[in-house]
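Q: Below is one structure. I have some questions about it.
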Ligand SMILES: [Zn+2]
């Protein structure tokens with residue numbers, strides 16, 4: 114459950130301020146008066162004891178599936194954005210593979226209105242590249258962006274037809290739009306339910322050829338080079354794909370990429386037992402790919418971390434590994450998993466991790482910086498880097514329970530967010546404040 118309280122005056126005391134927008138990293142207090150960051154609180158202020166916590170700009174996840182309209186049995190804009198806040202996110206970009214898809218300005222308007230009514234966090238709808246996500250005819254990018262779409266993607270499917278994708282690049286250039294590609298040629302991936310390799314051969318599940326991802330990235334990088342239009346690789350997952358993006362960036366092409374938390378922590382070995390919650394598209398990859406994705410983050414080839422939050426019902430996942438729909442929920446485990454992959458491994462530190470969830474995604478979507486500065490609207494995440502906790506899907510705020518991380522012990526979690534005058538915390542987070550005594554590390 115998510116608990117939201119509004120305060121006219123708020124003092125967040127003793128936290129470590131990490132602001133990748135300015136490079137600030139220090140222990141300090143932050144006052145929020147009437148929703149704006151202020152020099153000092155007013156006399157009658159609410160105090161949050163943030164000792165031992167990180168206070169940073171609100172985290173962003175630019176790849177989530179909110180399932181509304183059309184599949185509200187899996188998730189709604191209300192439950193999905195509440196789950197986002199419980200995971201420390203104040204902005205999510207939602208994918209257009211809803212029913213009907215987000216290929217029309219009315220659909221974009223409707224998502225924005227529902228998100229506003231829910232009031233949990235900001236939502237940036239991603240509009241479809243092609244009408245009906247059918248891959249045949251491009252949508253009207255200009256109208257969709259004017260209505261509030263933040264980027265374009267047919268996620269769930271790649272745009273396979275060369276001439277359609279070229280038209281998309283040309284149209285995107287005219288309106289400075291970002292094209293986000295789910296890279297998969299179905300002719301190559303057809304029938305596969307997990308990564309094609311030693312492990313799939315051993316356990317007998319049909320393998321999905323990684324070339325289906327890499328070949329589309331290769332084609333798109335060529336189109337990107339030709340047109341000079343912005344291109345973003347969704348959920349990059351193979352070492353070769355990372356190398357393709359690395360080279361394209363070195364050549365100066367306007368290419369960016371994201372990696373999912375699960376592709377940083379799990380390998381295809383996780384699929385051996387046939388747990389449908391390890392069935393994901395793109396699939397979990399071998400260790401060498403996981404390591405290259407981590408390296409890609411560290412050297413700047415990969416710009417940000419996302420969840421690809423993909424809720425499904427218990428019944429749908431009960432169909433078994435071969436038949437269950439791919440995807441897992443991720444919003445509420447993102448911080449802990451990313452910390453395990455990148456910090457506990459000794460590869461990175463918290464300022465770097467926070468950047469992969471703030472400045473990184475903001476740059477990908479060309480959104481304005483949100484530094485923690487006096488006069489700015491409060492848009493903050495509260496993280497507890499040392500909290501040890503056990504993943505319990507039954508306690509997720511999300512409607513989805515489909516996670517392979519049930520029972521995992523993680524270190525580092527989101528406590529909640531401060532947005533304007535509103536402080537939102539997950540009921541299990543253990544908010545320390547003047548009114549609620551400390552119970553941080555539960
Ligand atoms: Zn996808």
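In our numbering, the protein residues as written are 114 to 555. No residue lacks a Cβ here, since even glycine has one placed at the ideal position from N, Cα and C. This structure is a prediction, so every number in the text was calculated from the model and none was measured.
Please check the pair residue 471 and residue 173, which I expect to be a contact at CB under 8 angstroms, by giving their CB distance rounded to whole angstroms.
A: About 6 angstroms separates the two Cβ atoms, so the contact holds.
Q: Below 9 angstroms between beta carbons: does that hold for residue 396 and residue 305?
A: Yes, the pair counts as a contact, with Cβ atoms nearer than the cut-off.
Q: If you reduce the DSSP assignment to three classes, tell me which class residue 151 lands in.
A: Three-state DSSP puts residue 151 in a strand.
Q: For a quick check, are the C-beta atoms of residue 369 and residue 343 less than 9 angstroms apart?
A: In contact: residue 369 and residue 343 (Cβ atoms closer than 9 angstroms).
Q: For the candidate residues 384, 227 and 270, whose alpha-carbon lies nearest to that of residue 244?
A: Closest by alpha carbon: 270.
Q: In angstroms with no decimal places, state the Cα-to-Cα distance between residue 274 and residue 249.
A: Cα to Cα, residue 274 sits roughly 8 angstroms from residue 249.
Q: Can you tell me which of 151, 345 and 127 puts its alpha carbon nearest to the alpha carbon of residue 474?
A: The shortest Cα separation from residue 474 among 151, 345 and 127 belongs to 345.
Q: Nearest to residue 206 by CA position, among 221, 217, 169 and 212, is which residue?
A: Of 221, 217, 169 and 212, the residue nearest in Cα terms is 221.
Q: I'd like the span of the beta strand (DSSP E) that includes residue 532, first residue to last.
A: From DSSP, the beta strand (DSSP E) with residue 532 extends over 522-532.
Q: Out of curiosity, what's the CA-to-CA distance linking residue 436 and residue 154?
A: Cα-Cα distance, rounded: 56 angstroms.
Q: Name the DSSP bridge partner or partners of residue 502?
A: Answer is 523, bridged to residue 502.
Q: Going straight from the alpha carbon of residue 406 to that of residue 452, what length do you get?
A: Residue 406 and residue 452: Cα-Cα distance of roughly 15 angstroms.
Q: Check whether the Cβ of residue 248 lies closer than 8 angstroms to any heavy atom of ligand 1, and answer yes or no.
A: The answer is no for residue 248.
Q: Taking residue 131 and residue 424 to be in contact with their CB atoms under 8 angstroms, please state how far apart those CB atoms are, rounded to whole angstroms.
A: No, residue 131 and residue 424 are not in contact; Cβ-Cβ is about 30 angstroms, not under 8 angstroms.
Q: Assign residue 225 to one of three DSSP states: helix, strand, or coil.
A: Here residue 225 sits in helix by DSSP.
Q: With residue 217 and residue 420 assumed to form a contact (beta carbons below 8 angstroms), what rounded beta-carbon distance in angstroms separates them?
A: Actually they do not touch by this definition, with Cβ atoms about 26 angstroms apart.
Q: My guess is that residue 211 and residue 184 are in contact by the Cβ rule of under 8 angstroms, so how many angstroms apart are they, rounded?
A: Right, their Cβ atoms sit about 7 angstroms apart.
Q: Under a Cβ-count criterion, where at least 16 other Cβ atoms within 10 Å of its own Cβ denotes burial, should residue 278 be classed as buried or exposed?
A: By the neighbour-count rule (16 or more Cβ atoms within 10 Å), residue 278 is buried.
Q: On a Cα-Cα basis, can you pick out the residue from 231, 298, 289 and 438 that is closest to residue 267?
A: The shortest Cα separation from residue 267 among 231, 298, 289 and 438 belongs to 298.
Q: Excluding the five sequence neighbours on either side, which residues of its own chain have a C-beta within less than 8 angstroms of the C-beta of residue 150, listed in chain order?
A: The answer, listed in chain order, is 143, 144, 485, 486, 487, 488, 489, 490 and 491.
Q: Can you tell me where the alpha helix (DSSP H) holding residue 376 begins and where it ends?
A: Segment 375-378, the alpha helix (DSSP H) holding residue 376.
Q: Return yes when the Cβ of residue 504 is within less than 9 angstroms of the Cβ of residue 580, no when it is not.
A: Absent from the structure is residue 580, since the part of the chain shown begins at 114 and ends at 555.
Q: Go ahead and pull the three-state DSSP assignment for residue 122.
A: Correct three-state label for residue 122: strand.
Q: Just how far apart, CA to CA, sit residue 481 and residue 121?
A: Cα to Cα, residue 481 sits roughly 26 angstroms from residue 121.
Q: By a C-beta neighbour count over all protein chains shown, 10 Å radius and 16 as the cutoff for buried, is residue 445 buried or exposed?
A: When all chains shown are included, residue 445 counts as buried.
Q: Could you check what DSSP says for residue 302 in three-state terms: helix, strand or coil?
A: Helix.
Q: Run through DSSP, which three-state label would residue 131 get?
A: Strand, per DSSP.
Q: Closest to residue 358 by CA distance: which of 373, 226, 331 and 377 is it?
A: Per the Cα distances, 331.
Q: Buried or exposed, going by whether 16 or more other CB atoms sit within 10 Å of the CB of residue 204?
A: Buried is the call here.
Q: What residue range does the alpha helix (DSSP H) around residue 114 cover?
A: Taken as a continuous stretch (DSSP letters only), residue 114 belongs to no alpha helix (DSSP H), as it is neither H nor E.
Q: Using the Cβ count rule (16 or more neighbours within 10 Å means buried), how would you classify residue 527?
A: By the 10 Å Cβ count, residue 527 comes out buried.
Q: My guess is that residue 283 and residue 231 are in contact by the Cβ rule of under 8 angstroms, so how many angstroms apart are they, rounded?
A: That pair is no contact at about 36 angstroms.
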